[in-house]
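One structure below.
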Amino acid sequence: MAQQELIIQRYNPDTDESYEESFNVDVQPGQTVLDSLNAIKWEQDGTLSFRMSCRHAICGSCAMKVNGQSMLSCQTQVDAAAERGDPITVGPQGNQNVIKDLVVDVEKFLHQFERAETWLEPYEDQEPPEREYRQKVEEFDHWSHASTCIHCGACYSDCTVAAVDENFLGPAALAKAYRFVMDSRDAKREERLQFLSEEQGGIWDCTRCYMCVQACPKDVLPMDAIMELRTLAIEAGHVNNHGVRHHKGFMSGVRKRGRLDEMMLPVQSVGIGRLLTGNLAAHKEMMDYTPGAIRLLKSRKLLTIAQRHGANAEGREQIERIFEEVEAEKHHHDVDAEAFGAEFETAIGGH
Amino acid sequence: MSKYAFWPGCVAQGAAPELYTSTLAVAEHLGMDLVELEAAACTGAGIISDGEPYLQDVLNARTMAMSEQMDLPLMDICSTCVGVHRLAAEKFRDVDYRIRINHHLAPEGLEYRGTVDPRHLLWILLEDVGIDKINSMVKRPLEELNLGPFYGCYLVRPERTLEFDTHPTRRDSLEQLIEVLGATSITYDGMTKCCGFPILTMNKQNSLTMAGTHLDEAQSKGADALVTPCPLCHLNLDAQQPDAAKVIDRNLNLPILHVPQLLGLAMGLEPETLGLTRHVVDTNRLLNKIGA
Numbered sequence: 015m016a017q018q019e020l021i022i023q024r025y026n027p028d029t030d031e032s033y034e035e036s037f038n039v040d041v042q043p044g045q046t047v048l049d050s051l052n053a054i055k056w057e058q059d060g061t062l063s064f065r066m067s068c069r070h071a072i073c074g075s076c077a078m079k080v081n082g083q084s085m086l087s088c089q090t091q092v093d094a095a096a097e098r099g100d101p102i103t104v105g106p107q108g109n110q111n112v113i114k115d116l117v118v119d120v121e122k123f124l125h126q127f128e129r130a131e132t133w134l135e136p137y138e139d140q141e142p143p144e145r146e147y148r149q150k151v152e153e154f155d156h157w158s159h160a161s162t163c164i165h166c167g168a169c170y171s172d173c174t175v176a177a178v179d180e181n182f183l184g185p186a187a188l189a190k191a192y193r194f195v196m197d198s199r200d201a202k203r204e205e206r207l208q209f210l211s212e213e214q215g216g217i218w219d220c221t222r223c224y225m226c227v228q229a230c231p232k233d234v235l236p237m238d239a240i241m242e243l244r245t246l247a248i249e250a251g252h253v254n255n256h257g258v259r260h261h262k263g264f265m266s267g268v269r270k271r272g273r274l275d276e277m278m279l280p281v282q283s284v285g286i287g288r289l290l291t292g293n294l295a296a297h298k299e300m301m302d303y304t305p306g307a308i309r310l311l312k313s314r315k316l317l318t319i320a321q322r323h324g325a326n327a328e329g330r331e332q333i334e335r336i337f338e339e340v341e342a343e344k345h346h347h348d349v350d351a352e353a354f355g356a357e358f359e360t361a362i363g364g365h
Numbered sequence: 023m024s025k026y027a028f029w030p031g032c033v034a035q036g037a038a039p040e041l042y043t044s045t046l047a048v049a050e051h052l053g054m055d056l057v058e059l060e061a062a063a064c065t066g067a068g069i070i071s072d073g074e075p076y077l078q079d080v081l082n083a084r085t086m087a088m089s090e091q092m093d094l095p096l097m098d099i100c101s102t103c104v105g106v107h108r109l110a111a112e113k114f115r116d117v118d119y120r121i122r123i124n125h126h127l128a129p130e131g132l133e134y135r136g137t138v139d140p141r142h143l144l145w146i147l148l149e150d151v152g153i154d155k156i157n158s159m160v161k162r163p164l165e166e167l168n169l170g171p172f173y174g175c176y177l178v179r180p181e182r183t184l185e186f187d188t189h190p191t192r193r194d195s196l197e198q199l200i201e202v203l204g205a206t207s208i209t210y211d212g213m214t215k216c217c218g219f220p221i222l223t224m225n226k227q228n229s230l231t232m233a234g235t236h237l238d239e240a241q242s243k244g245a246d247a248l249v250t251p252c253p254l255c256h257l258n259l260d261a262q263q264p265d266a267a268k269v270i271d272r273n274l275n276l277p278i279l280h281v282p283q284l285l286g287l288a289m290g291l292e293p294e295t296l297g298l299t300r301h302v303v304d305t306n307r308l309l310n311k312i313g314a
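Residue numbers (this note's numbering), protein chains in the order written: chain A, 15 to 365; chain B, 23 to 314.
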């Protein structure tokens, strides 16, 4: 039987003491990190604290950091975690306060679901159906990934935005919000999209760092959900924010030159309209960019427009064509959808 | 001579021109023939796809179709570019989707057949050029230097897309390069995290707190400089460093090198050639340390 060293990050709330402690455990093939923690607790140190329940990657209790990355300890085998026989480090989840050893206070994480009101809001003007509310299979297939969350907190623990901003809703709550935005049985789609677009700490504060996608043990793909929420929010007309202005400004640069235009992007993100109408906050934001721009010029980083490359002339022509085609195709889809909608309403008697 | 379809990306031809010039200098020195994709478009960096995912896909299929038509492997020099290219390539495995996308490429005689494996210069150095050859070309060993790797999100996540399972050297590619050039690679928490650049214009406070935190951590662990394969990270870590220092209320003075700059220095190229004079954070102290 092989031996494995685990270095555990411990915290004693009685003495407010944080320290690392090393344990050696006997390891059988297939043994998980959680099995090893149990072995330590039962045979070496009964004071070691951690959460666990099902041991089958369903309950979501045992998420913690193994070698610095958040994962379910019951789903992680020692052999896989111990590269080249190195010690395995085990620590509590990040971005939350530690209560004791590997146990964190999940209040902050769970509060984000309340903020985003991630429960079904049924249509009030409809009689409840005799049996269950139904969702079409093909619709469900599109967003089912977001419904498999077990609230383990691994994504929140590794989230790079939650690390610097307590106000960020975080990947799990946003993915859950997406799940209800997509659910045709939910009556609050519009309100949800508006809230998520305007709320500080909403969809536009995500950095797209992929930490949550990597950490999630259930392939919820939280970041993909956040990105789709952005597209849906823009389509629904929630466009008066920095994120959408940034997106639109970025697009217009690429359309013109085939490449990103960093000179114009800050101005476009602040909003040319806001600047022209004398919006004081917008002017303050613009002033904030000035020292950075001067630094770039001084270090000869930012080339003058004349020196800057773009796509060559032939490329620009093709890129413009593609922009036009995709726009036309989209318009075509919208018209189709409208026609279909009208037809459908006629068919069901104008309800 | 090894030949590549070369996508420089926008920032290397915009706010970080020293990445472009140092790439060309290093490639020439290594005998790599780079055929630049001058007609290609920005990858969209995940920002076009915020509202127009399909458009972003078409633009990237076009770039990959160009590389395929030339029958050359695609080389990126930006973590974000390579990440976005690979995520797109993954979607194009769906034949129906590829057919739909290809409608937009046909008018210019392009068709994407799904064979491109977009890679970063950093990977190409390890996978094609090889550690031994790089080692043999070191003229100015960087033994005096402690360097912090800073990967950029898209060169470390999602692992599935980057194929770490079948290409395990990609996992610590930057550490390997740093070490083969004679320097010491330091380990710190921030090295695989987000630099904050993507939200600089949305939430400056959050963005610069991220940059500042990682810089401060690396500096306090004794880093003489950071090395990054991502020019977007470079912008937030170098150009925004004075502001990031204010946000986290620390003194920061950490030069940020691009991958080809580091390699070029070790191969004995001149700092001026590598654009090391075009940084916001002064590189002189670092250069003095290695006698460059």
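C-beta: ideal position from N, C-alpha, C; glycine also.
Can you give me the Cβ contacts of residue i inside the same chain, cut-off strictly under 7 angstroms, excluding the 5 residues immediately before and after it?
i, result
"R389 (chain B)", "Residue 389 (chain B) lies beyond the stretch modelled for chain B, which goes from 23 to 314, so this question has no answer here."
"V47 (chain A)", "V80, S87, T90, V92, A95, I102 and V104"
Determine the DSSP secondary structure at residue i, reduced to helix, strand or coil.
i, result
"L279 (chain B)", "strand"
"T170 (chain B)", "For clarity, residue 170 (chain B) is Gly in the given sequence; the question names Thr instead. Three-state result, G170 (chain B): strand."
"R259 (chain A)", "helix"
"I164 (chain A)", "coil"
"R120 (chain B)", "helix"
"N157 (chain B)", "helix"
"C32 (chain B)", "coil"
"K344 (chain A)", "helix"
"P27 (chain A)", "coil"
"Y192 (chain A)", "helix"
"R148 (chain A)", "coil"
"M289 (chain B)", "coil"
"S63 (chain A)", "coil"
"Y42 (chain B)", "helix"
"H365 (chain A)", "Note that H365 (chain A) scores a pLDDT of 40, beneath 50, so its modelled location is shaky and nothing firm can be said."
"L296 (chain B)", "coil"
"G272 (chain A)", "coil"
Per DSSP, which residues does residue i bridge with? Please list them.
i, result
"A16 (chain A)", "A:V41"
"I21 (chain A)", "A:S36 and A:T103"
"L96 (chain B)", "B:A27"
"S283 (chain A)", "Answer is none; S283 (chain A) lacks a bridge partner."
"R141 (chain B)", "B:M97"
"V117 (chain A)", "A:K114"
"Q91 (chain A)", "A:T46"
Apart from the five residues just before and just after residue i, which ones in its own chain have a Cβ nearer than 6 angstroms to its Cβ?
i, result
"G331 (chain B)", "Because chain B spans 23 through 314 in this model, residue 331 (chain B) falls outside it and cannot be assessed."
"A229 (chain A)", "S84, A168, C169 and D172"
"G324 (chain A)", "R271, G272 and R273"
"Q263 (chain B)", "L274 and V303"
"S229 (chain B)", "G218, I221 and L222"
"Q241 (chain B)", "L276"
Where do the ends of the alpha helix (DSSP H) carrying residue i lie?
i, result
"I286 (chain A)", "I286 to L290"
"I113 (chain A)", "I113 (chain A) -> not in any alpha helix (DSSP H); beta strand (DSSP E) instead, spanning V112 to K114."
"S195 (chain B)", "S195 to V202"
"H70 (chain A)", "No alpha helix (DSSP H) contains H70 (chain A), which DSSP labels as neither H nor E."
"A176 (chain A)", "Taken as a continuous stretch (DSSP letters only), A176 (chain A) belongs to no alpha helix (DSSP H), as it is neither H nor E."
"D238 (chain A)", "P236 to E249"
"P75 (chain B)", "P75 to Q91"
"C226 (chain A)", "M225 to A229"
"Y134 (chain B)", "Where Y134 (chain B) is concerned, there is no enclosing alpha helix (DSSP H), given that its DSSP letter is neither H nor E."
"G68 (chain B)", "It is not in any alpha helix (DSSP H) - G68 (chain B) carries neither H nor E in the DSSP assignment."
"H301 (chain B)", "Unbroken run through H301 (chain B): none, as it is neither H nor E."
Assuming residue i is part of the beta strand (DSSP E), what are its boundary residues?
i, result
"D55 (chain B)", "M54 to E58"
"Q83 (chain A)", "Q83 to L86"
"A77 (chain A)", "A77 to V80"
Could you pull out every residue in the same chain whose Cβ sits closer than 8 angstroms to the Cβ of residue i, ignoring the five residues on either side in sequence?
i, result
"Y192 (chain A)", "W157, A160, A239, I240, E242 and L243"
"K114 (chain A)", "Y25, N26, P27 and S63"
"I248 (chain A)", "V258 and H261"
"M300 (chain A)", "P280, V281, V284 and L289"
"L143 (chain B)", "T45, M97, D98, I99, P251, V281 and P282"
Quick one: complete beta strand (DSSP E) runs, 3+ long, within the stretch 205-280 of chain B?
-> With a minimum length of 3 residues, the continuous beta strand (DSSP E) runs that stay inside the stretch 205-280 of chain B are 247-250 and 278-280.
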